[in-house]
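Trainee: One structure follows; several queries about it will come next.
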Amino acid sequence: MSTNSSTPTRPRFPLMRQRWSELLFAHWPIEPELLRPYLPERLELDLFEEQAWLGVVPFTMSGIRPLGLPAVPGLNHLHELNVRTYARLDGVPGVWFLSLDATNPLGVWAARTLFHLPYLHARISLTETDGTFRAVAKRTHRGAAPATFAATWMPGKLLPRAQPGTLSHFLTERYFLYTAGPNLLEDVRGTNLWRGQLFHEPWTLREASLREWDSTLVEAHGLPTPVGEPVLYAAEPLEVWVKELRRV
1 MSTNSSTPTR
11 PRFPLMRQRW
21 SELLFAHWPI
31 EPELLRPYLP
41 ERLELDLFEE
51 QAWLGVVPFT
61 MSGIRPLGLP
71 AVPGLNHLHE
81 LNVRTYARLD
91 GVPGVWFLSL
101 DATNPLGVWA
111 ARTLFHLPYL
121 HARISLTETD
131 GTFRAVAKRT
141 HRGAAPATFA
151 ATWMPGKLLP
161 RAQPGTLSHF
171 LTERYFLYTA
181 GPNLLEDVRG
191 TNLWRGQLFH
201 EPWTLREASL
211 REWDSTLVEA
221 HGLPTPVGEP
231 VLYAAEPLEV
241 WVKELRRV
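The sequence shown lines up with residues 1 to 248 when you count with UniProt numbering.
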């Protein structure tokens, strides 16, 4: 069984600060060999009890501001939808993103250029009405495979804090990310690899129930449609500090 590393300490001089809210973790088990072509050779798939996992995560990012600078109105807020799995290098577990669709054009450019992440332009709305959340998205990135998304979910009762060695901890408590470049299928065949690190308090998770799920985000990568009901966790808002991005 894989276990995640301990939570990094809060940085004194972070690269960036942001707030994540309206977040849903939706995960399905997937055969490891299906994901292997989407990772560089150097990265090892991170497995839970010999099983790989594929996740789709909608959320809102707000209060985005670089170190020492105030938030810029119009540039400090976006909605995001990411498709992810989990990987490790030299024993350090992290998130591996297949795609990150987002609404802010400048934010997408910065994430692709400065952080080498496979961000894509999209139109996304994410709203809350009487405790029910709804996200609707359409990818608009030129040259990228088309994808759409629509989901409605309701958070349920509060869950105990996820403990190391449990599936909930494996799927949610991640403080590192890996990326090979902004163009996934081209860059995974190259030699570049970066590890990013961030800090936040442990997630406060809730049960969640779906009222709607209609997505082609996974299929846009050439992967099969996930089968069965997803493992769901709704998350309470939290503050996030981006610590660093280093070539590894």
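Glycine included, each C-beta is placed from N, C-alpha and C at the ideal position. The structure displayed is predicted, hence computed values, not measured ones.
1) Thinking G190 and L177 are a contact (beta carbons under 8 Å), I'd like their distance in whole angstroms, please.
2) Please state whether DSSP places G63 in a helix, a strand or coil.
3) Would you call Q51 buried or exposed, if buried means 16 or more other Cβ atoms sit within 10 Å of its Cβ?
4) Which one of M16, V227, N104 has the shortest CA to CA distance from T140?
5) What is the DSSP secondary structure of L159, counted as helix, strand or coil?
6) What are the boundary residues of the alpha helix (DSSP H) that P32 is part of?
7) Less than 8 Å between the beta carbons of residue 260 and F170, yes or no?
8) Rounded to the nearest angstrom, what separates I30 and P37 at their Cα positions?
9) Check each candidate in E22, E33, R134, E173 and name the one with the smallest Cα separation from P224.
10) May I ask you to verify whether the segment 79-94 touches the segment 54-61, counting CB pairs closer than 8 Å and requiring at least 3?
11) Who are L198's beta bridge partners in DSSP?
12) For L47, which three-state DSSP category applies?
13) From which residue to which residue does the beta strand (DSSP E) around T127 run?
14) State yes or no: is the C-beta of V242 within less than 8 Å of the C-beta of M16?
15) Using the rule of at least 16 other Cβ atoms within 10 Å of the residue's Cβ for burial, across every protein chain shown, is E239 buried or exposed?
16) Counting beta carbon pairs with one atom in the segment 84-93 and one in the segment 201-219, are three or more of them shorter than 8 Å?
17) Identify the continuous alpha helix (DSSP H) that holds L223 and give its terminal residues.
18) Tell me which same chain residues have a C-beta within less than 7 Å of the C-beta of N76, skipping the five on either side of it?
19) Given a cut-off of 8 Å, decide if Y119 and V108 are closer than it, judged by their beta-carbon atoms.
20) For P58, list the residues DSSP reports as bridge partners.
21) Beta-carbon within less than 8 Å of P155's beta-carbon, same chain only, minus the 5 sequence neighbours each way: which residues are those?
22) Does DSSP classify T113 as helix, strand or coil?
23) Buried or exposed, going by whether 16 or more other CB atoms sit within 10 Å of the CB of V227?
24) Measure the CB-CB distance between E236 and L126 and report whether it falls below 8 Å.
Mentor: In terms of the structure at hand:
1) About 17 Å separates the two Cβ atoms, so there is no contact after all.
2) strand
3) exposed
4) N104
5) coil
6) 32-35
7) Here the chain comprises residues numbered 1 to 248, so residue 260 is not present and cannot be evaluated.
8) 13 Å
9) E33
10) yes
11) V242
12) coil
13) 119-129
14) yes
15) exposed
16) no
17) Here L223 belongs to no alpha helix (DSSP H), and DSSP marks it neither H nor E.
18) S62, G63, I64, R65
19) yes
20) L81
21) G131, F133, R206, E207, A208, A234
22) helix
23) exposed
24) no
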